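Structure first, commentary second.
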Ligand code: HEM
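If you want it as C-alpha cells, here you go:
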C-alpha cells in the first residue's frame, strides 16, 4: 500500500471514530441534565446570587463585575453543579474516542503531505481535511484540562459534516502544486491560518452556547436540560473571548504572512484580490469584536453577535471565496 | 449594585489614582451598568456625557470626542469591513480592467450606476477612502491622549489600599505570629519577585501594581497600525510598476518609454528609472499531462534571463520564476504571465517581406486559447489587418469554433480573418491587441465567402486577389514580466511585526493590583476574625500576632490572580517557618 492510500484509509477510520465520539458526547450530555429534584438547590443558589450582588464591588483597576463573576442564575455550574459519575464516565469515553479520531485525521493529513512531497493543502479537498484536523487537534489538546466535554458534540459534528462533504464533493487525487503555490510562505501562512480557524471555530461553538445559556438564564425554562449544566453564561463568554483572542492574534499573523507571500508571488503585498479582501474583512470584524468587548456600554451579547458574524466571514472565505479565487488565480497565472 | 462604601472611592482612589480611574469610579457609583466601571477602568474612553458647551469650539470639541471614542472606532471598523466586501464581488479595475469592461457590456442597465458609485474601483472610491481616513484620524486622535495618560500612569504610584480588601475579586486573610512589619516585608518580597511595582502609603499596608506592559503593547499596536498606513501611502506616492511582454530571444532596455504599460506614483520622476537591460533566453513551462481533475494545470514557469544593470555593464544569468523575483537597482522583476508569440511573415504579391515578427497573442483561458492582431500598414493598395486566434493544441474539427484543448504546443495552429482598409482611423493611437475595423472591410474569396485562414507552423496561405501571402513560421513563448518598486513596503513590514508584538503584549498581559494590609490580631479570640485561619492563637506564647489581609484585582478573567494571592500567604507562612527554624 502506498502512502496516499494509507492516508485515505486513516481518513475513513477517523470518520468512523468521530461518529462514535459524537454519539458518546450526546450520551454524555443526556446524563448531564440536572434533575428537577435539584430545584431546592436552585432556590438556594438564587438567594446566594442575590447576596453576592449586594456585595458588588467596583474598583478602578478594573475587575470583572459581580454579575459577570458570580453565577447569576439557578443551575449555575461550578460548585452548584455536581456532575454525576455516569456523565463523567461517558465524557471520558467520548474524549478518548475524540483523541483517537483526531490522531487518525492528523496522521492522514501528514501522510498525504508526505505522499505529495509538499504541505498538504494545495486544493479544496486538502484544505477541508487539514482545517478539520486543526480543529480536532485544538479541541483534543484543550478539552481535558478545561473540562470541555460538554463542548464535544458541537465540535465533532461539524468536523464530520465537513469531512463528509470533502470526500463526496471535493475529492482530488494527490498531485503537485500550481507554481504560484510553491513557496515556503504558503506553508507558514496557511498552517497558521488553519490554527486560527480552529480557534475561531471553538470560539464560535462556545459563543453560540453562551447565547443560548444567557437566554435561559434570563428566562429560566420550566424544565432544565444539559444547557443548565454548562458553566455560567459569564464564564462561557470569557472562554469564547479567550479563544477569539488567540485566534485573532493568529489571524493577524496570517494576514501579514499572506502579504509577504503576495509580495513574492505577485510583486505587491496588497492588491485587494478577493482572498485578501476577505482576510481583511475577517480581521476588521474581529477587531470590532475586541473593541466592542472593551467598550463601556456595549454589552457582551452584542459583541458576541459581531464575533459570530466574523465567523460567517471565515466560512465564506474558506468556501465561496476559494472557489472564486481559484478561477481568478488560474487567470492570473496563465495570462496577463 | 451598591452605592455605599465602595472600596476605591473616598480617600483611596481620588488621591492616588489617575483621573481616568476616578472618573470610572464616579460613573460606577452613579449607578451605571456594572460593566461600565470595569471597562473604562484603565483606558481613556471618553464616553462621558460631557454635553457640548455652546458655541463653535464646543461643537468642534464635542465632534472630536465623538470621533475619537471607542464606540466610533468600533462602528468605523464594522463599516470598513462591510465596505470592503463589494470589491470582492464586482470585478475591479485595479485587478482586471478587461473583466470590468466585460461586466459592463453584459449588464448595460445597472453598470453605469454601479460605475458612478465606484463599485468597480471600490478601494479608490470616495466612500471607502472616507471611512478609512476617518478611522485613521480617530486612531491618531485616540493614541495621543492615551499615550499621555499612560506615560503619567507609568510614573505614578499604585493607589492606596481600599478600606475593605475582602471585597476584591481575590482575597485572603491569615493570622500569623510574625510582627506586622515582618509580615508586610514577607508580602513585599513575594510581590517584588513577581515584578510588581510597590508603594506603601502608610506603615500598615502595601499597594502593588503590575502589567503596565499591557497598555504599552496596546499603544504600540495602534501606533504600528498608523505606521502600516503610512508605509502604504509612501508606496503609493513613490512606487511605480511597469509591465513588459518579452518573447524568447528578445531584449528589453528599461526606460519610461519602453514598457508596455507603466504606472508611476504621483511623486515618481520617470526619468530616473533603473536603466537595466534584460533578455529572455528561454522560458521553461510545464503542464500536468496526467488525465484527471488537474489535467492541463501549470506545474512550472521559469524564465532564464540575462541581466545587465545598465547597458554595457557585465552580464549575469538570472532565473525568474513565480515566487522568485530578481532584484536590480531596488526594482523587483516578477514573472507574472506567459503565453505564445507566433512568428508570422506577410509578403506582398511580388514576394518581398512586409512584416515578420513574433507577435504576442494573449491567452484567454486555461488552455491558452489566445487572441491577437497583426497589422501590416505597408501593404498596398490598402493596409491589411489580421485578427484571430492562436491555439497551442487546436481541437482539429473546429465544431465549436477555434478551441484549444491543452495549454502546451502539441498541435499549434493560428486561425485568422483578414481585413483591409484604414488601420488607424483618425490617426488615433490604439492597442496593439485590438483591430479597429471601423474603416476596414473583411477580405473575401472569389465566391464571396470571408477568407478564413488556418495555418500550422511552416504553412503559407495565398491571400485572395493579388494581395500576397501570409506564413506561420514558428512559435515562441513570451514572458509577462512586471517591474515594481515599493519604497513603503519595508516601513509597513516593520510596523506589521511591531503591531503583532504589541497585540500579543496587549492581549496576554494582565493588569493587576494587589493590596496587603496588616493589623494586630484581637487578643482574645481563638479563631481568626472573619473566618481567617490562625497560625497560633494571638499572644499564646506572649508574642504579638498579626492579621494579614490580601486583596487582588484584575481587569478581566484572570486565573493567575488567585495564584498570586496564595503565593503571598505562602510567603508569609514561609517567613514564619524560617524564623522558627532559626530560633
Ligand atoms: C485602525 C483601526 C483599529 C484597529 C484595527 C484596532 C484594533 C484593536 C484591537 C485588536 C484591540 C484589542 C487589542 C488589545 O487590547 O491590545 C484594540 C484595543 C483598543 N483600541 Fe483599537 N483599533 C483600531 C482603532 C482604534 C481607535 C480609533 C481607538 C480610539 C478610539 C482605539 C482604541 C482602543 C482601545 C482604548 C483599546 C483597549 C481595549 C482594551 O483595553 O482591551 N482603537 N484595538
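Chains as they are written, first to last, in our numbering: chain G, 1 to 336; chain H, 337 to 919.
C-beta atoms are modelled at their ideal positions from N, C-alpha and C, and glycine is treated no differently.
In this text, all values refer to a predicted model and were calculated from it rather than measured experimentally.
With distances taken Cα to Cα, identify the nearest neighbour of residue 834(H) among 649(H), 553(H), 411(H), 391(H).
The residue you call residue 834(H) lines up with position 498 of the second chain. Residue 834(H) has its Cα closest to that of 553(H), out of 649(H), 553(H), 411(H), 391(H).
Review point. Using 8 angstroms as the threshold, is the region 825 to 843 of chain H in touch with the region 502 to 510 of chain H, meaning 3 or more CB pairs across them?
Key: no
Notebook entry, point to check: Straight-line CA distance for residue 402(H) to residue 469(H)?
Noted result: For this step, residue 402(H) is matched to residue 66 along the second chain. For this step, residue 469(H) is matched to residue 133 along the second chain. Taking the straight line joining both Cα atoms gives about 15 angstroms.
DSSP state of residue 652(H) mapped onto helix, strand, coil
In the second chain, the residue the question calls residue 652(H) occupies position 316. Of the three classes helix, strand and coil, the one that applies to residue 652(H) here is strand, per DSSP.
Checklist entry - residue 227(G) by DSSP, collapsed to three states: which one? => result Locating residue 227(G) in the first chain gives position 227, counting from the first residue. It is helical.
Can you give me the C-alpha to C-alpha distance between residue 234(G) and residue 265(G), rounded to a whole angstrom? By one-based count along the first chain, residue 234(G) stands at place 234. By one-based count along the first chain, residue 265(G) stands at place 265. Cα to Cα, residue 234(G) sits roughly 45 angstroms from residue 265(G).
Hey, would you say the C-beta of residue 478(H) is under 7 angstroms away from at least one heavy atom of the ligand HEM?
Numbered from its first residue, the second chain carries residue 478(H) at position 142. Flag set: Cβ of residue 478(H) near the ligand HEM.
Can you name the residues of chain H whose CB is closer than 9 angstroms to the CB of residue 280(G)? Position 280 of the first chain, counting from 1, holds the residue named residue 280(G). Correct list: 416, 417, 420.
Among the residues of its own chain, which have a CB less than 8 angstroms from the CB of residue 777(H), if the five just before and after it don't count? Translated into the one-based positions of the second chain, residue 777(H) becomes position 441. Within the same chain, residue 777(H) has close Cβ partners 755, 756, 757.
Task: Host beta strand (DSSP E) of residue 33(G) (start-end) - done: Position 33 of the first chain, counted from the start, is the residue given in the question as residue 33(G). It is not in any beta strand (DSSP E) - residue 33(G) carries neither H nor E in the DSSP assignment.
### Message
Going by DSSP in three states, residue 215(G) sits in which element: helix, strand or coil?
### Response
One-based indexing of the first chain puts residue 215(G) at position 215. DSSP places residue 215(G) in helix when its eight states are reduced to three.
_Per-residue contacts from residue 164(G) into chain H (C-beta, under 8 angstroms)_ = Residue numbering aside, residue 164(G) sits at position 164 when the first chain is read from its first letter. Going along chain H, no residue has its Cβ under 8 angstroms from residue 164(G), so there is no contact; the nearest lies around 19 angstroms.
Next item on the list: Report yes or no: do three or more beta-carbon pairs, one from the region 206 to 213 of chain G and one from the region 3 to 19 of chain G, lie closer than 8 angstroms?
Entry: no
Item to complete: Just the chain G side, please: which residues come within less than 7 angstroms of residue 723(H) by C-beta, in chain order?
Response: By one-based count along the second chain, residue 723(H) stands at place 387. Near residue 723(H) there are no residues of chain G at all, since even the closest Cβ is about 18 angstroms away, more than 7 angstroms.
Less than 8 angstroms between the C-beta atoms of residue 111(G) and residue 3(G), yes or no?
Working through the first chain from its first residue, we reach residue 111(G) at position 111. Working through the first chain from its first residue, we reach residue 3(G) at position 3. Yes, the Cβ-Cβ distance between residue 111(G) and residue 3(G) is below 8 angstroms.
Counterpart residues of residue 613(H) in DSSP-defined beta bridges | Working through the second chain from its first residue, we reach residue 613(H) at position 277. Answer by DSSP bridge pairing, in chain order: 589(H), 644(H).
Taking the C-alpha atoms as reference points, what is the distance between residue 450(H) and residue 456(H)? Looking up residue 450(H) in the second chain gives position 114. Looking up residue 456(H) in the second chain gives position 120. Going from the Cα of residue 450(H) to the Cα of residue 456(H) covers about 7 angstroms.
Whole-number beta carbon distance between residue 542(H) and residue 883(H), since they are thought to touch under 8 angstroms:
What you label residue 883(H) is simply residue 547 of the second chain in a count that begins at 1. What you label residue 542(H) is simply residue 206 of the second chain in a count that begins at 1. Residue 883(H) to residue 542(H), Cβ: 15 angstroms. No contact.
For residue 226(G) and residue 148(G), the rounded distance between their alpha carbons | Here the question's residue 148(G) lines up with position 148 in the first chain. Here the question's residue 226(G) lines up with position 226 in the first chain. Answer to the nearest angstrom: the Cα atoms are 13 angstroms apart.
Output the distance between the C-alpha atoms of residue 464(H) and residue 589(H), rounded to the nearest integer angstrom. Counted from its first residue, the second chain places residue 464(H) at position 128. Counted from its first residue, the second chain places residue 589(H) at position 253. Cα to Cα, the separation comes out at about 39 angstroms.
_DSSP beta-bridge partners of residue 847(H)_ = Translated into the one-based positions of the second chain, residue 847(H) becomes position 511. Beta-bridge pairing links residue 847(H) to no other residue.
To which residues does DSSP link residue 853(H) through a beta bridge? Here residue 853(H) refers to the residue found at position 517 when the second chain is read from its first residue. Answer is 541(H), 885(H), bridged to residue 853(H).
task = Please say whether residue 129(G) and residue 21(G) have beta carbons closer to each other than 8 angstroms?
result = Here residue 21(G) corresponds to residue number 21 of the first chain, with the count starting at 1. Here residue 129(G) corresponds to residue number 129 of the first chain, with the count starting at 1. Result no, Cβ atoms of residue 21(G) and residue 129(G) do not sit closer than 8 angstroms.
### For residue 746(H), the three-state DSSP class (helix, strand or coil)
As a first step, residue 746(H) must be located in the second chain, where it is residue number 410. In the structure shown, residue 746(H) sits in coil (DSSP, three-state: anything other than H, G, I, E or B).
### Message
Give me the chain H residues within the contact set of residue 148(G), using Cβ-Cβ distance strictly less than 8 angstroms, ordered along the chain.
### Response
Position 148 of the first chain, counted from the first residue, corresponds to residue 148(G). The contacting residues do not exist; residue 148(G) stays about 15 angstroms from chain H at best.
What is the C-beta distance between residue 261(G) and residue 186(G), in whole angstroms, given that I count them as a contact (C-beta under 8 angstroms)? Residue 261(G) sits at position 261 when you count from the first residue of the first chain. Residue 186(G) sits at position 186 when you count from the first residue of the first chain. About 6 angstroms; that satisfies the 8 angstroms criterion.
Problem set entry | residue 788(H), enclosing beta strand (DSSP E) - first and last residue | Taking the first residue of the second chain as position 1, residue 788(H) is located at position 452. Unbroken beta strand (DSSP E) run through residue 788(H): 788 to 791.
Next item on the list: Note down, in chain order, every chain H residue with its Cβ under 9 angstroms from the Cβ of residue 321(G).
Entry: By one-based count along the first chain, residue 321(G) stands at place 321. Under the 9 angstroms cutoff, chain H gives 424.
Q) Any residues in the region 837 to 854 of chain H with a beta carbon nearer than 9 angstroms to a beta carbon of chain G? Which ones, in chain order? A) 839, 840, 843, 844, 847, 848, 849
Reduced DSSP category for residue 344(G) - H, G, I as helix; E, B as strand; rest coil:
Because chain G in this structure spans residues 1 to 336, residue 344(G) falls outside the shown range and cannot be described.
Mind checking if residue 459(H) is an interface residue toward chain G, Cβ cutoff 8 angstroms exclusive?
-> The sequence position of residue 459(H) within the second chain is 123, counting from 1. It does; some Cβ of chain G falls within 8 angstroms.
Q) residue 86(G) lies in the alpha helix (DSSP H); which residues open and close that run? A) Within the first chain, the letter at position 86 stands for residue 86(G). Segment 85 to 116, the alpha helix (DSSP H) holding residue 86(G).
- Query: Of all the residues that make up the region 647 to 678 of chain H, which are near chain G by a beta-carbon distance shorter than 8 angstroms?
  - Reply: 657, 658, 659, 660, 661, 668, 670, 672, 673, 674, 675
*Can you grab the Cα-Cα spacing for the pair residue 230(G) / residue 891(H), in whole Å?*
On the first chain, residue 230(G) is found 230 positions in, with the first residue counted as 1. On the second chain, residue 891(H) is found 555 positions in, with the first residue counted as 1. Cα to Cα, the separation comes out at about 24 angstroms.
**Item:** Length at least 4, wholly inside the region 458 to 524 of chain H: the alpha helix (DSSP H) runs in chain order
**Value:** 462 to 491
### Task
Have a look at 441(H), 795(H), 632(H), 613(H) and flag the residue whose alpha-carbon is nearest the alpha-carbon of residue 648(H).
Here residue 648(H) is taken as the residue at index 312 of the second chain, counted from 1. When each option's Cα is compared against that of residue 648(H), the closest is 613(H).
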